[in-house]
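Residues in the sequence shown are numbered from 1 upward in steps of one, following this note's numbering. Remarks on the structure that follows.
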Amino acid sequence: MKLSKENLLIIIFFIVITPLLTMLNGCPFAPTETSEVTEETTIEEVKSTQEQTIFFQYPFKDYPIGKQPDDGLYWDCSDNDFGAYLGTWGGKVYNGFHSGEDWNLKGSEDNTIDEGKIVYAIGKGRVVKISKLSG
């Protein structure tokens with residue numbers, strides 16, 4: 001069976017380009033890993049086991065890459081950045097510096113629209129600690 005020049009180019013494209021694009025973009029549906037990180041693990045130990053992120057999607061969306069809905073929603077963190085002074089919020093007095101970033105789903109008047117939404121990873125990495133400070 002003899003292939004035409006066009007068919008041969010299509011086959012070469014899929015053999016070469018598809019794996020290359022997959023490597024560069026990663027797989028948003030990759031299984032999660034369990035972690036051996038404990039309270040005693042140092043940041044240097046965590047950094048030494050992680051790959052460098054080579055892909056970043058911003059603004060963050062409420063859908064996996066390649067599955068864009070037309071709902072106009074997007075994630076934003078401009079409301080309260082890490083290290084910003086937070087006096088009061090929602091009737092509670094904090095009087096301290098914000099310990100993280102608030103990523104909220106924008107594009108709607110409903111402030112609770114992001115409750116229960118799945119958040120997809122923006123790149124390779126691992127969450128090593130989640131904790132509530134005080135308040």
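Glycine is no exception: its CB is placed at the ideal position from the N, C-alpha and C atoms. These numbers come from a predicted model, not from an experiment.
His98 places its beta carbon 8 Å or farther from that of Gly87. The three-state reading of DSSP puts Lys2 in coil, since its state is none of H, G, I, E or B. CA-CA distance, Ile15 to Glu115, rounds to 41 Å.
Bounds of the beta strand (DSSP E) holding Thr88 are 85–89. For Phe97, the beta-bridge partners assigned by DSSP are Tyr85.
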